[in-house]
Amino acid sequence: AQSVAQPEDQVNVAEGNPLTVKCTYSVSGNPYLFWYVQYPNRGLQFLLKYITGDNLVKGSYGFEAEFNKSQTSFHLKKPSALVSDSALYFCAVRASNQGGKLIFGQGTELSVKP
Amino acid sequence: EPEVTQTPSHQVTQMGQEVILRCVPISNHLYFYWYRQILGQKVEFLVSFYNNEISEKSEIFDDQFSVERPDGSNFTLKIRSTKLEDSAMYFCASTIPAGHTDTQYFGPGTRLTVL
């Protein structure tokens, strides 16, 4: 069965510092991995995805994520955090079939302080 | 930029009542989904819909739930007889299939409160 784990409920970072939000996954077959962000009282916004190819994926708002097959991880990163990055971040994995459902991690609350 | 829209943003209902949550997916998308998020918990898949039929559903999606695409634009989720534990945020999503690269785009959600 597919699963996603986000080991940290909360990550605290000072503005201007690099941030990492961790995600590990378990899936049979090729993983299709996604990061979404949820701001208060808003829906889920797509940030980036890994399907195949280069292990470093770049996405919206300066975020990037590194796919590591041997460690079954897909950590979200940003070189310099902004206060406006404070939000709830979800990692998700999708079945390899077209149109398949997303399986989400439990979410990580990112707090960036000035 | 096209967006998925959902109405209402907040629905309050009495236990046992029927509710219909509405979604307008992005116009050229072909797969439609409902997910829910109970407060403080992870986002859970409920159902996917393609070509006017359910393509996959979760264990949560029992006989009390149904989905429909009544016209060319709306996609609805009906809960026939609501329970207290149905209180959650319900998200609609849609995607245009593109082999393995399709991305699901989510609406802002409907917060359902069952009293």
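These protein sequences, in sequence, are chains A and B. Residue numbers for the first sequence follow this note's numbering, beginning at 1 and rising by one. Residue numbers for the second sequence follow this note's numbering, beginning at 1001 and rising by one. Yeah, the Cβ is synthetic: ideal placement off N, Cα and C, and Gly gets one too.
Can you tell which of the options has the C-alpha that lies nearest to the C-alpha of residue i?
| i | options | result |
| --- | --- | --- |
| Gln-10 of chain A | A:Val-83, A:Lys-22, A:Ser-26 and A:Leu-56 | A:Lys-22 |
| Gly-43 of chain A | B:Gly-1107, B:Gln-1006 and B:Glu-1056 | B:Gly-1107 |
| Phe-90 of chain A | A:Ser-3, A:Val-37 and A:Thr-52 | A:Val-37 |
| Ala-5 of chain A | A:Thr-108, A:Ala-95, A:Lys-113 and A:Pro-114 | A:Thr-108 |
| Leu-110 of chain A | A:Ala-92, A:Val-93, A:Leu-76 and A:Phe-34 | A:Leu-76 |
| Thr-1082 of chain B | B:Tyr-1105, B:Val-1114, B:Glu-1059 and B:Arg-1036 | B:Val-1114 |
| Gly-105 of chain A | A:Tyr-50, A:Val-13 and A:Ser-26 | A:Ser-26 |
| Ser-1055 of chain B | B:Tyr-1033, B:Val-1043 and B:Asp-1062 | B:Tyr-1033 |
| Arg-1111 of chain B | B:Ser-1009, B:Pro-1002, B:Arg-1080 and B:Glu-1003 | B:Ser-1009 |
| Ala-1 of chain A | A:Thr-24, A:Asn-12, A:Ala-14 and A:Ser-28 | A:Ser-28 |
Nearest-angstrom Cα distance between residue i and residue j?
| i | j | result |
| --- | --- | --- |
| Gly-128 of chain A | Leu-56 of chain A | Look at the range of chain A in this structure, 1 to 114, and you will see that residue 128 of chain A is not part of it. |
| Gly-1040 of chain B | Ala-1088 of chain B | 10 angstroms |
| Asn-30 of chain A | Gln-1017 of chain B | 43 angstroms |
| Thr-1013 of chain B | Ser-70 of chain A | 48 angstroms |
| Lys-1078 of chain B | Asn-41 of chain A | 22 angstroms |
| Ala-81 of chain A | Glu-1053 of chain B | 44 angstroms |
| Phe-63 of chain A | Leu-48 of chain A | 8 angstroms |
| Glu-1119 of chain B | Phe-67 of chain A | Beyond the ends of chain B as shown, which are 1001 and 1115, falls residue 1119 of chain B; an answer cannot be given. |
| Asp-85 of chain A | Glu-8 of chain A | 17 angstroms |
| Ser-1094 of chain B | Ala-95 of chain A | 16 angstroms |
| Thr-52 of chain A | Lys-58 of chain A | 13 angstroms |
| Thr-1005 of chain B | Cys-1092 of chain B | 8 angstroms |
| Lys-113 of chain A | Lys-1042 of chain B | 25 angstroms |
| Pro-1097 of chain B | Phe-34 of chain A | 16 angstroms |
I'd like the span of the beta strand (DSSP E) that includes residue i, first residue to last.
| i | result |
| --- | --- |
| Gln-967 of chain B | As displayed, chain B neither begins before 1001 nor continues past 1115, which places residue 967 of chain B out of reach and without an answer. |
| Phe-1049 of chain B | 1043-1050 |
| Val-11 of chain A | 10-14 |
| Asn-41 of chain A | No beta strand (DSSP E) holds Asn-41 of chain A; DSSP gives it neither H nor E. |
| Leu-1055 of chain B | Sequence inspection shows Ser at residue 1055 of chain B; the Leu mentioned does not correspond to that position. Where Ser-1055 of chain B is concerned, the enclosing beta strand (DSSP E) stretches over 1053-1057. |
| Thr-1110 of chain B | 1110-1114 |
| Thr-1005 of chain B | 1005-1007 |
Is there a C-beta anywhere in chain D that falls below 7 angstroms from the one on residue i?
| i | result |
| --- | --- |
| Gln-2 of chain A | Protein chains A and B are contained in the structure displayed, whereas chain D is not. |
Practice item. May I ask you to verify whether the stretch 1060-1080 of chain B touches the stretch 1019-1031 of chain B, counting CB pairs closer than 8 angstroms and requiring at least 3? Key: yes
Check your understanding: Using a Cβ cut-off of 9 angstroms, which residues of the stretch 78-92 of chain A contact any Cβ in chain B, in chain order?
Key -> Phe-90 and Ala-92
Check your understanding: Does the stretch 99-106 of chain A touch the stretch 1044-1063 of chain B, meaning 3 or more C-beta pairs lie closer than 8 angstroms?
Key -> yes
Check your understanding: Going along the chain, which residues of the stretch 33-65 of chain A sit with their C-beta nearer than 9 angstroms to a C-beta in chain B?
Key -> Phe-34, Tyr-36, Gln-38, Asn-41, Arg-42, Gly-43, Leu-44, Gln-45, Phe-46, Lys-49, Ile-51 and Thr-52
Point to revise | Cβ-based contacts, 7 angstroms cut-off: residues of the stretch 1056-1075 of chain B near chain A | key: Glu-1056
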